[in-house]
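Here the structure comes first, spelled out in structure tokens, and everything after it is commentary.
Residue numbers (this note's numbering), protein chains in the order written: chain Y, 9 to 122; chain Z, 131 to 241.
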């Protein structure tokens, strides 16, 4: 398996624009996590899904952020409108909850909002 | 006070030294993770443990549930071990997959 795949790897956008980050989890994994990493706050969980259903979105900073998982092999994290303070590295991770495996992380998307 | 505290924040050592990184937490947990993040930014899960000790190659992770403390040890350290090591805990609430992260320990191994 190619592991968790995120796209794009880098995104530079202007303030106010919509940004969509994409994630393909490892095949067979049924939990998917979106994390954000900044220098100030470190790693934070934004939202996680189990069997495509959002379970905990308490980490989503505000209504400008939304996440979907339309099927077991794809998830998106959308920011609309984007702001400079959204600049961070966004990681997606997946695991197989039933077996309580450790999480496998994607390479991350480095987002810069100017 | 953060729920997960790591020490030290930064550690520089000579190649071959024995390394210990500590993690203390203040909440009930069901599991603790040790993660490694290399300068390129990718994150790799090293261990997930809920009791006792695990070993993988030169890496050893231990956890003491009563003391709410875990350690990551690296034997015969090598420059390629230079990375940020992050401790994360999973809530003890059944079904809650949320991880809370420490701020990381930046390890530099000098040849």
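Note that CB positions come from ideal geometry on N, CA and C, so glycine has one too.
Only a predicted model underlies this, so the values are computations on that prediction, with no experimental measurement involved.
{"Query": "Report the residues of the segment 171–182 of chain Z with a CB closer than 8 Å to any CB of chain B, ordered along the chain.", "Result": "No chain B is part of this structure, whose protein chains are labelled Y and Z."}
{"Query": "Taking 8 Å as the threshold (beta carbon to beta carbon), is residue 64 of chain Y in contact with chain Z?", "Result": "yes"}
{"Query": "Give the interface partners of residue 104 of chain Y over in chain Z, defined as CB-CB distance under 7 Å, in chain order.", "Result": "Ordered by position in chain Z, no residue passes the 7 Å Cβ test against residue 104 of chain Y, which lies about 12 Å from the chain."}
{"Query": "Please tell me whether residue 222 of chain Z has its Cβ less than 8 Å away from any Cβ of chain Y.", "Result": "no"}
{"Query": "Closer than 7 Å, Cβ to any Cβ of chain Y: which residues of the segment 181–207 of chain Z, in chain order?", "Result": "none"}
{"Query": "Kindly indicate if chain Z contains any beta-carbon less than 8 Å away from that of residue 2 of chain Y.", "Result": "Beyond the ends of chain Y as shown, which are 9 and 122, falls residue 2 of chain Y; an answer cannot be given."}
{"Query": "Along chain Z, in chain order, which residues have C-beta atoms closer than 7 Å to that of residue 98 of chain Y?", "Result": "Correct list: empty, because the minimum Cβ distance to chain Z is about 11 Å."}
{"Query": "Here's the rule: buried if 16 or more other CB atoms are within 10 angstroms of the residue's CB, otherwise exposed. What is residue 19 of chain Y?", "Result": "buried"}
{"Query": "The beta strand (DSSP E) with residue 15 of chain Y in it runs from where to where?", "Result": "13–15"}
{"Query": "Cβ of residue 14 of chain Y less than 8 Å from any chain Z Cβ?", "Result": "no"}
{"Query": "Going by C-alpha to C-alpha distance, which of Y:79, Y:41 and Y:72 sits closest to residue 51 of chain Y?", "Result": "Y:41"}
{"Query": "Let me know the beta strand (DSSP E) ranges lying completely inside the segment 133–183 of chain Z, each 3 residues or longer, listed in chain order.", "Result": "134–137, 140–144, 149–155, 159–167 and 173–179"}
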